[in-house]
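Line order of the protein sequences matches chains R and E. Heads up, the first sequence is in our numbering, so the first residue is 1 and it goes up one at a time. Heads up, the second sequence is in our numbering, so the first residue is 113 and it goes up one at a time. We put the CB at the ideal spot given by N, CA and C, even for glycine. For reference, the structure is listed below as structure tokens.
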Amino acid sequence: AQSVTQPDIHITVSEGASLELRCNYSYGATPYLFWYVQSPGQGLQLLLKYFSGDTLVQGIKGFEAEFKRSQSSFNLRKPSVHWSDAAEYFCAVGALNNDMRFGAGTRLTVKP
Amino acid sequence: DTEVTQTPKHLVMGMTNKKSLKCEQHMGHRAMYWYKQKAKKPPELMFVYSYEKLSINESVPSRFSPECPNSSLLNLHLHALQPEDSALYLCASSQGTMGRQETQYFGPGTRLLVL
């Protein structure tokens with residue numbers, strides 16, 4: 001079965017600084033990769049996804065992610081963080097039967 | 113419209129109660145999902161319905177009973193729950209195309225407290 005590791009439980013960045021959230025996956029076939037964001041007590045909002053094609057994927061709210069097959073990684077980046085980006089970020093890997101597994105999540109705190 | 117709605121937003125129930133959670137989507141999606149999310153943990157898949165048929169049951173206790181009466185609606189019937197079942201219950205839907213990974217769209221969740 002597929003699995004995801006998010007090595008960083010909690011990250012703090014200053015507003016305006018750049019951000020990179022790490023995600024490593026394990027899956028025997030072509031991975032389908034997602035980043036979701038969750039504000040406290042809310043549902044999950046899709047930021048971006050990778051199914052195939054260009055390995056640099058653009059998402060909403062100025063986020064992007066790069067798929068690196070050789071490193072089994074799908075790291076999320078943003079050049080300049082806003083206070084409203086503070087939330088929990090989940091990386092997920094899906095299989096063809098739509099069985100999706102989430103990483104443990106990374107909590108992002110933004111300092112003013 | 114990429115909206116998945118869930119009712120109620122909050123639910124408090126005793127261990128002997130019977131209650132139901134409801135999820136609805138009008139995007140024409142044919143796959144629907146229930147996830148359970150404990151505090152500070154990732155969502156965990158419980159059930160998947162594909163074309164109104166149960167396709168995945170992740171060994172969920174029988175006190176949780178899913179139902180998909182039509183392609184737009186998904187229910188989760190709760191009976192004799194335990195306090196450890198308190199969590200955020202998330203519903204999601206996707207197009208339901210067979211043999212293809214799809215994007216799942218999530219509802220806001222129902223926060224359940226079992227006393």
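Between which two residues does the beta strand (DSSP E) containing K130 (chain E) stretch?
Segment K130 to Q137, the beta strand (DSSP E) holding K130 (chain E).
What residue from E:M139, E:Y147 and E:G126 has the CA that sits closest to L188 (chain E)'s CA?
The residue with the shortest Cα to Cα distance from L188 (chain E) is E:Y147.
Quick one: grab the DSSP three-state call for R69 (chain R).
Three-state DSSP puts R69 (chain R) in a helix.
Taking buried to mean at least 16 other C-beta atoms within 10 Å of its own C-beta, is S162 (chain E) buried or exposed?
Per the 10 Å Cβ criterion, buried.
Show which residues of chain R have a CB atom less than 9 Å away from the CB atom of V160 (chain E).
Result: N97, N98 and D99.
Applying the criterion that 16 or more other CB atoms from any shown protein chain within 10 Å of the CB defines a buried residue, is H82 (chain R) buried or exposed?
With fewer than 16 other Cβ atoms within 10 Å, it is exposed.
Can you give me, in chain order, the residues of the segment 40 to 56 of chain R that have a beta carbon less than 9 Å from any beta carbon in chain E?
The segment 40 to 56 of chain R vs chain E, Cβ under 9 Å: G41, Q42, G43, L44, Q45, L46, K49 and F51.
What is the residue span of the beta strand (DSSP E) that H231 (chain E) lies within?
One cannot answer for residue 231 (chain E) here, as it falls past the ends of chain E, which runs 113 to 227.
Checking 8 Å against the spacing of the C-beta atoms, do L76 (chain R) and Y50 (chain R) come in under that value?
Their beta carbons are not under 8 Å apart, which means L76 (chain R) does not touch Y50 (chain R) by this criterion.
Taking the straight line between their C-alpha atoms, what separation do you get for G53 (chain R) and N129 (chain E)?
Computed Cα separation, rounded: 50 Å.
Quick check on the DSSP output: the beta strand (DSSP E) that includes F51 (chain R) runs from which residue to which?
Segment: none, F51 (chain R) is in no beta strand (DSSP E) and carries neither H nor E.
Look at R175 (chain E) and L193 (chain E) and say whether their C-beta atoms are less than 8 Å apart.
Cβ atoms of R175 (chain E) and L193 (chain E): closer than 8 Å.
Please state whether DSSP places E196 (chain E) in a helix, a strand or coil.
In the structure shown, E196 (chain E) sits in a helix (DSSP, three-state: H, G or I).
What do you reckon, is the C-beta of R223 (chain E) under 7 Å from a heavy atom of the ligand FAD?
The model depicted lacks the ligand FAD and carries no ligand whatsoever.
Is the beta carbon of G28 (chain R) less than 8 Å from the beta carbon of Q213 (chain E)?
Taking 8 Å as the Cβ cut-off, G28 (chain R) and Q213 (chain E) do not qualify as a contacting pair.
By Cβ distance, which residues of its chain are closer than 7 Å to F102 (chain R), with the 5 residues on each side in sequence left out?
Excluding sequence neighbours, F102 (chain R) sits near V4, F90 and A92.
Who pairs with L76 (chain R) in a beta bridge, going by DSSP?
According to DSSP, L76 (chain R) bridges with R:L21 and R:A65.
Output, in sequence order along the chain, the residues in the segment 14 to 42 of chain R whose CB is closer than 8 Å to any CB in chain E.
Those would be Y32, F34, Y36, G41 and Q42, in chain order.
Does DSSP put I9 (chain R) in a helix, in a strand, or in coil?
It is coil, neither helix nor strand.
For N97 (chain R), which residues does DSSP report across the bridge?
For N97 (chain R), which the question treats as bridged, DSSP gives no partner whatsoever.
By the three-class DSSP mapping on this structure, what secondary structure does S171 (chain E) have?
Note: S171 (chain E) maps to coil in three-state DSSP.
Report the rounded CA-to-CA distance for L200 (chain E) versus C23 (chain R), giving the unit in angstroms.
So the alpha carbons of these two residues sit roughly 24 Å apart.
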